[in-house]
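A short worksheet on the structure shown next.
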Amino acid sequence: MDLVGFHPRSLDEKGRLVLPAIFRADFSEHAFLSLSPRGPYVAMHTEAGYHDMIERLRAQVDAGALGLNLLRRIGSGTEPVRVDAQG
């Protein structure tokens, strides 16, 4: 699943980032926010999507196509988050 489109976001009064309604059905209660391996931005993943990405990156590290530091940077820069009913 790709989160596409331009969706201006800001934090609400409780410091939460609101997920656009169009994407809420794709996420259960959990999501992962991580540093993107493709650029200087934050990526949001479903739980399965995050684990799939990490496995693909590990395979590339094992094959010598990527350095281990990138995998470490993504792992250390990832936070599990809870998606509430308001998104």
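Take the sequence shown: its position 37, counted from the start at 1, is 352 in this note's numbering, and no numbers get skipped. Note that beta-carbon positions come from the ideal geometry of N, C-alpha and C, so glycine has one too.
Per-residue DSSP class, three states only, for residue i
| i | result |
| --- | --- |
| V357 | strand |
| L334 | coil |
| L386 | helix |
Extent of the continuous beta strand (DSSP E) to which residue i belongs
| i | result |
| --- | --- |
| R324 | It is not in any beta strand (DSSP E) - R324 carries neither H nor E in the DSSP assignment. |
Per DSSP, cross-strand counterpart(s) of residue i
| i | result |
| --- | --- |
| E394 | L348 |
CB-CB length for residue i against residue j, believed under 8 angstroms
| i | j | result |
| --- | --- | --- |
| L350 | G392 | 4 angstroms |
| I389 | P352 | 6 angstroms |
| V398 | L348 | With 8 angstroms as the limit, V398 and L348 do not qualify as a contact, their Cβ atoms being about 11 angstroms apart. |
Where the alpha helix (DSSP H) through residue i begins and ends
| i | result |
| --- | --- |
| G364 | 362-377 |
Legend entry - Touching by the beta-carbon criterion (3+ pairs, under 8 angstroms), the region 334-343 and the region 369-385: Fewer than three Cβ pairs drawn from the region 334-343 and the region 369-385 lie within less than 8 angstroms of each other, which leaves the two stretches out of contact.
Inset, instruction - Inspect the CB distances between the region 344-359 and the region 324-331 and report whether three or more fall short of 8 angstroms. - result: The region 344-359 vs the region 324-331: no contact.
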